[in-house]
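A.B. asks: Supplied in structure tokens, the structure appears directly below.
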Amino acid sequence: MTTATRPARPMSLWRLEWLRLVRTPRAVSLGAVFLATGLLEPVATRYASVLLSHVARGTVVSLPKPTAAQALSSYVSEATIVGLIVLVAMAASAYNFDARPGLSAFFRTRVPSMWRLIAPRFAASAAAGVVAYLLGTLAAWYETRLLIGPLPAGGLLAGMLCAAVYLMFAVAVTALAASLTTSTVASVGITLAILLAALPLLGEVHAISSWVPTALVSAPADLVSSPPADDLAHYVPALAVSAVAGALALVAAVLRLQARET
Amino acid sequence: MINLAAGPAHPILHAWPALIPVAVLILGLDGYCLVNLVRAPSVRNLPKPLWAIVILFVSAPLGAILYLCFGTDRTGTGRTRPPSPGGAPTSALSATAAPSAVQPTLLAPGPADRRPVVTTTGLSRDYGGIGLFDVDLVVPQGSIYGLVGLNGAGKTTLLSILAATRRPDRGTVSLAVGRTSAAVCPDVPEFDPWLTSTEVAGLARALVAPGSDSSASVAAALRATGLADAADRRVGGLSRGMLQRLGLACALAGDPELLILDEPMSALDPAGRAELLGVIAGMRGTRTVIFSSHILADVQRVADQIGILRAGRLLYQGSTAELMDRYLTPSWLLRIAGPADPVQAALAAQPWVTKVEATEPGVLQVDATGIADGERGIPAIVAACGARQVACEPVTADLESAFLALTGAGVKEVA
Chain A
1 MTTATRPARP
11 MSLWRLEWLR
21 LVRTPRAVSL
31 GAVFLATGLL
41 EPVATRYASV
51 LLSHVARGTV
61 VSLPKPTAAQ
71 ALSSYVSEAT
81 IVGLIVLVAM
91 AASAYNFDAR
101 PGLSAFFRTR
111 VPSMWRLIAP
121 RFAASAAAGV
131 VAYLLGTLAA
141 WYETRLLIGP
151 LPAGGLLAGM
161 LCAAVYLMFA
171 VAVTALAASL
181 TTSTVASVGI
191 TLAILLAALP
201 LLGEVHAISS
211 WVPTALVSAP
221 ADLVSSPPAD
231 DLAHYVPALA
241 VSAVAGALAL
251 VAAVLRLQAR
261 ET
Chain B
263 MINLAAGPAH
273 PILHAWPALI
283 PVAVLILGLD
293 GYCLVNLVRA
303 PSVRNLPKPL
313 WAIVILFVSA
323 PLGAILYLCF
333 GTDRTGTGRT
343 RPPSPGGAPT
353 SALSATAAPS
363 AVQPTLLAPG
373 PADRRPVVTT
383 TGLSRDYGGI
393 GLFDVDLVVP
403 QGSIYGLVGL
413 NGAGKTTLLS
423 ILAATRRPDR
433 GTVSLAVGRT
443 SAAVCPDVPE
453 FDPWLTSTEV
463 AGLARALVAP
473 GSDSSASVAA
483 ALRATGLADA
493 ADRRVGGLSR
503 GMLQRLGLAC
513 ALAGDPELLI
523 LDEPMSALDP
533 AGRAELLGVI
543 AGMRGTRTVI
553 FSSHILADVQ
563 RVADQIGILR
573 AGRLLYQGST
583 AELMDRYLTP
593 SWLLRIAGPA
603 DPVQAALAAQ
613 PWVTKVEATE
623 PGVLQVDATG
633 IADGERGIPA
643 IVAACGARQV
653 ACEPVTADLE
663 SAFLALTGAG
673 VKEVA
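Going line by line, the protein sequences match chains A and B. Each residue of the first sequence is one higher than the one before, counting from 1 in my numbering. Each residue of the second sequence is one higher than the one before, counting from 263 in my numbering.
What follows is the structure, encoded as structure tokens:
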């Protein structure tokens, strides 16, 4: 007995990436991490003294009244570590199809250009990361506005732009790391070592600190502080370097993956 | 300590609009995980009831996040159909089951006038003394080419170079078909487990023929490989044998002129192997198939062309029948009704008979110089003697014997 097959939507490498997001916990996990951070960090900032007093029983903890910028800064610092780790792990598992020889053969014997394979993976991971970050930022803005006070819309939008470019850069670096090793865990490790250790160390060199992509990490908080610590023009060098370095990382990843034997 | 009972309302109570989204997120995540848990056919690490307790009672939303990270089944949820009994497909494999959507133009059947589809010249890949050395492969169009050899003989290396997933150190590979007209099926096919069989085959089709209508080809390929009943099942729930069928379905969905199959029957049970051999045999004359196998009886059954590799070198290449004729001393057991002595004497006088002896009353073992000589000569001698032939069975005329004669390998090595 045979069963009539259900009419299926045409498959493509772009639809494959969409299904990867929605049929696995990837999209939910990413959104949950950024949303939870965006919702909880302003609450924690606003009620830090209450919470600390509750923890240190009998002791009254008094802290200066928090500012809206502090609440957003708290969100950004959490999101750019926890959220970044989740995003990098998600992207690395998508890039590392060579980790499974049978899957590698499926794609490599059918797709002549590695760019056709990498572009949808980069686009889907970067878009998911940026959307999750924006949702988290909107949640943080909502909570901050209710609990502490308003945030300047211009600075908030500029900060979102900087963070979005940084996340895309991070996903591109993940592609490069995936071209260096076939292990997903190793790819995640290499990427995080670059993003969380090497680049911040490079940023300590004063002469180039404003050119290093990690300068964009603090931009969302700095751009909404009162008075603003910086304006968007201050981050243009880091934006430019991130865009160019991200593009170069993608090109290098494609070339390395094209040359790899499986 | 927070005192909510006395004095003015605690400031945190004024913040309820800010807490609503937090509560919605936490409850939403818990709800999503519970629905996911209920619909999941299976979960990892813990039984379902324990995961329910973790989601509900471990500090929200930590329990839900733990479930998402460590509990969710990679095969996904909801749209999975229950497997057919025994996990095996119910529709039989058949060479004729595939409709015209996956059948290319019929080629000329005669092997002599077929142009080669695959030609290699001096192909070498050295992995430090092992690998592939000076292989000149010629695969005629429309043939079923069986590649045999011991473990480490270089079969997978050769197929990988033909598939362009590895590069040779020296030598050339020439394909008479485009790269997208050549399909490859590895010995252990792997796919993203959250896709259905139809989606995997559809993707395989879309990658080699973008923009074309794939539904007919995909459905035909799944039917041809006995996976029609598993069309909507998630790949993560398929058995190894079904994955191997799906690998072949993906190859067929692209309507290839050349199929390269690495150990295509290695995970199949005897019935599945026989059915898949039928599918491969049915492609003779319509597609060119190169397949490797350790099971020499399978190769003998379907391959009209054969290549024998040993230590990276091609020892023999050509017709399977010619190989057996060339490297064997064919032998038959001839059963005669009545006295066998006259037949024995007549056979012993023939120049093409190398040995004839009575193994038991009425049974003669006849060794000949060639298969054709024996097949033509024995019945003629029996008839000339006026004897009645009960049976005439070949004794050692199989590929395994030829392989052993050619490679000098022991039986254990072949297995």
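Where is the CB? At the ideal position from N, CA and C, for every residue including glycine.
Excluding the 5 residues flanking Pro-237/A on each side, which residues of the same chain have their C-beta closer than 7 Å to its C-beta?
C.D. replies: So the list reads Ser-210, Trp-211, once near-sequence residues are dropped.
A.B. asks: In or out: Ser-555/B buried (at least 16 other Cβ within 10 Å) or exposed?
C.D. replies: With 16 or more Cβ atoms within 10 Å of its Cβ, Ser-555/B is classed as buried.
A.B. asks: What number of angstroms, rounded off, separates the C-alpha of Thr-621/B from the C-alpha of Leu-595/B?
C.D. replies: Near 9 Å, if we compare the C-alpha coordinates of Leu-595/B and Thr-621/B.
A.B. asks: Straight-line CA distance for Ala-486/B to Arg-9/A?
C.D. replies: Going by the C-alpha atoms only, they are around 21 Å apart.
A.B. asks: Apart from the five residues on each side of it in sequence, which residues of its chain come closer than 7 Å, Cβ to Cβ, to Ala-175/A?
C.D. replies: The answer, listed in chain order, is Tyr-95, Ile-118, Phe-122, Ala-249, Leu-250, Ala-253.
A.B. asks: Quick one: which chain B residues come within Cβ less than 8 Å of Arg-20/A?
C.D. replies: Result: Asp-454, Trp-456.
A.B. asks: Relative to the C-alpha of Cys-162/A, which residue among Leu-39/A, Leu-63/A, Gln-258/A, Ala-243/A is closest?
C.D. replies: Closest by alpha carbon: Ala-243/A.
A.B. asks: So what does DSSP say about Gln-403/B, is it helix, strand or coil?
C.D. replies: Of the three classes helix, strand and coil, the one that applies to Gln-403/B here is coil, per DSSP.
A.B. asks: Do Thr-45/A and Ile-148/A come within 9 Å of each other at the CB atom, strictly closer than that value?
C.D. replies: The answer is yes: Cβ separation under 9 Å.
A.B. asks: Going along the chain, which residues of its own chain have a beta-carbon closer than 6 Å to the beta-carbon of Val-509/B, five neighbours each way excluded?
C.D. replies: With the sequence shown as reference, residue 509/B is identified as Gly, and Val is not the correct amino acid for it. Only Cys-447, Pro-451 meet the Cβ criterion.
A.B. asks: So, with DSSP's three-state summary, where would you put Thr-616/B?
C.D. replies: Note: Thr-616/B maps to strand in three-state DSSP.
A.B. asks: Using the three-state DSSP reduction, which class does Pro-656/B fall into: helix, strand or coil?
C.D. replies: Three-state DSSP puts Pro-656/B in a strand.
A.B. asks: Keeping to the same chain, check which residues put their C-beta closer than 7 Å to that of Thr-182/A; ignore five residues upstream and five downstream.
C.D. replies: Result list for Thr-182/A: Asn-96, Asp-98, Ala-99, in chain order.
A.B. asks: How about the segment 538-554 of chain B and the segment 577-587 of chain B: do they share at least three Cβ pairs that are nearer than 8 Å?
C.D. replies: The segment 538-554 of chain B, when compared against the segment 577-587 of chain B, does not touch it at the 8 Å Cβ threshold.
A.B. asks: Give the residues of chain A in contact with Leu-299/B, contact being defined as C-beta atoms less than 9 Å apart.
C.D. replies: None at all; the shortest Cβ gap to chain A is about 12 Å.
A.B. asks: Look at the alpha carbon of Val-76/A and the alpha carbon of Val-131/A, and state the distance between them as a whole number of angstroms.
C.D. replies: Going from the Cα of Val-76/A to the Cα of Val-131/A covers about 15 Å.
A.B. asks: Find the residues of chain B that neighbour Tyr-95/A, judging by a C-beta separation of less than 9 Å, and give them in chain order.
C.D. replies: Within chain B, no residue comes near Tyr-95/A; the closest Cβ sits about 13 Å away, beyond 9 Å.
A.B. asks: Please classify Gly-293/B as buried or exposed, where buried requires at least 16 other C-beta atoms within 10 Å of its C-beta.
C.D. replies: The residue is exposed, with fewer than 16 neighbouring Cβ atoms inside 10 Å.
A.B. asks: Could you check if Gly-83/A is buried or exposed, using at least 16 other CB atoms within 10 Å of its CB as the buried criterion?
C.D. replies: Buried is the call here.
A.B. asks: Looking at C-beta atoms only, is the number of pairs between the segment 514-523 of chain B and the segment 465-477 of chain B that lie closer than 8 Å three or more?
C.D. replies: Because the criterion of three Cβ pairs below 8 Å is met, the segment 514-523 of chain B and the segment 465-477 of chain B touch.
A.B. asks: Need the endpoints of the alpha helix (DSSP H) that Val-320/B sits in, please.
C.D. replies: Note, Val-320/B: premise wrong, no alpha helix (DSSP H); not H, not E.
A.B. asks: For chain B, check one thing: does any of its Cβ atoms lie closer than 9 Å to the Cβ of Thr-262/A?
C.D. replies: Closer than 9 Å: yes.
A.B. asks: What do you get for Trp-456/B, buried or exposed, if any count of 16 or more other CB atoms within 10 angstroms of its CB means buried?
C.D. replies: When all chains shown are included, Trp-456/B counts as buried.
A.B. asks: Specify the secondary structure class of Ser-242/A as computed by DSSP and reduced to three states.
C.D. replies: Of the three classes helix, strand and coil, the one that applies to Ser-242/A here is helix, per DSSP.
A.B. asks: Which residues does DSSP list as the beta-bridge partners of Gln-579/B?
C.D. replies: Gly-569/B, per the DSSP bridge assignment.
A.B. asks: Tyr-142/A versus chain B: which residues are under 8 Å apart at the beta carbon?
C.D. replies: Residues of chain B passing the Cβ test: Ala-280, Pro-283.
A.B. asks: Considering Cα atoms alone, identify which of Ala-245/A, Val-224/A, Leu-223/A, Ile-190/A is closest to Pro-213/A.
C.D. replies: When only C-alpha atoms are compared, the closest one is Ala-245/A.
A.B. asks: Any C-beta of chain A sitting closer than 9 Å to the C-beta of Ser-476/B?
C.D. replies: Interface residue, yes.
A.B. asks: How big is the Cα-Cα spacing for Arg-108/A and Leu-13/A?
C.D. replies: So the two alpha carbons sit approximately 13 Å from each other.
A.B. asks: Could you name the residues of chain B that Tyr-29/A contacts, counting a contact when the two beta carbons are closer than 8 Å?
C.D. replies: The sequence given here places Ser at residue 29/A; Tyr does not occur at that position. Going along chain B in sequence order, the residues near Ser-29/A (Cβ under 8 Å) are Ile-327, Leu-330, Cys-331.
A.B. asks: Where does Lys-617/B land, buried or exposed, given buried means 16+ other C-beta within 10 angstroms?
C.D. replies: Classification for Lys-617/B: exposed.
A.B. asks: Please name the residue or residues paired with Thr-382/B in a DSSP beta bridge.
C.D. replies: Per DSSP, Val-435/B.
A.B. asks: Does the Cβ of Asp-398/B have 16 or more other Cβ atoms within 10 Å, making it buried, or fewer, making it exposed?
C.D. replies: By the neighbour-count rule (16 or more Cβ atoms within 10 Å), Asp-398/B is not buried but exposed.
A.B. asks: Figure out for me which residue from Ala-482/B, Gly-569/B, Asp-629/B, Ala-466/B has the closest Cα to the Cα of Gly-411/B.
C.D. replies: Comparing Cα-Cα distances from Gly-411/B to each of Ala-482/B, Gly-569/B, Asp-629/B, Ala-466/B, the minimum goes to Gly-569/B.
A.B. asks: Of all Cβ atoms in chain A, is any one closer than 9 Å to the Cβ of Arg-429/B?
C.D. replies: Yes - at least one Cβ of chain A is within 9 Å of the one on Arg-429/B.
A.B. asks: Please classify Val-652/B as buried or exposed, where buried requires at least 16 neighbouring CB atoms within 10 angstroms.
C.D. replies: Per the 10 Å Cβ criterion, exposed.
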